[in-house]
Amino acid sequence: MSRQWVTDLAKLRTNWEKEYLELAPYLIIRINHYYYEQSNSIACGILITALHNAGLVTLTSTPMNAGPAIRGILGRPANEKVQLLLPVGYPAKDATVPDLKRKPQKDVVFEF
Numbered sequence: 033m034s035r036q037w038v039t040d041l042a043k044l045r046t047n048w049e050k051e052y053l054e055l056a057p058y059l060i061i062r063i064n065h066y067y068y069e070q071s072n073s074i075a076c077g078i079l080i081t082a083l084h085n086a087g088l089v090t091l092t093s094t095p096m097n098a099g100p101a102i103r104g105i106l107g108r109p110a111n112e113k114v115q116l117l118l119p120v121g122y123p124a125k126d127a128t129v130p131d132l133k134r135k136p137q138k139d140v141v142f143e144f
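What follows is the structure, encoded as structure tokens:
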């Protein structure tokens, strides 16, 4: 991890602890079997939009190095890849959303 990446994430108070995975009443686990990963990602984006539209909240969480352990718990074969975790529920009463600012276009668009 680059120093800049770690610095950028510090504002979000993110770390290796993902207690929301334990607190959420539902956990959707997206396992990629034989469909293209891009198709699954698009479908998950549509699902996230539908959940938010229904008044629920979720966020995308990658399993990092826990994919094989999750597969084992679920009894899934080794050829399947845990692609995405979606904890789903209603927002906590004290939930906050970070006030993120977009970078200026000149910092993200490069002409060659």
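So the number in our numbering is just where the residue sits in the sequence shown, counting from 1, plus 32.
For each residue, glycine too, the CB sits at the ideal point set by N, CA and C.
C-beta contact flag for residue i and residue j at 9 Å
i      : j     : result
Leu117 : Ile61 : yes
Gly121 : Thr92 : no
Leu132 : Ile63 : no
Buried or exposed by the 16-neighbour rule on C-beta atoms within 10 Å, applied to residue i
i      : result
Val114 : buried
Ala56  : buried
Pro229 : Not covered by the structure: residue 229. The range shown for the chain is 33 to 144.
Test: residue i CB closer than 9 Å to a CB of chain D
i      : result
Asp126 : The displayed structure is made up of one protein chain only, and chain D is not part of it.
Between the CA atoms of residue j and residue i - distance to the nearest angstrom
i      : j      : result
Pro130 : Ile102 : 30 Å
Ala98  : Gly104 : 10 Å
Pro100 : Thr94  : 13 Å
Lys43  : Ala127 : 16 Å
Glu112 : Tyr58  : 21 Å
Ala110 : Ala82  : 31 Å
Counterpart residues of residue i in DSSP-defined beta bridges
i      : result
Gly121 : Val89
Ile60  : Leu118
Lys113 : Asn64
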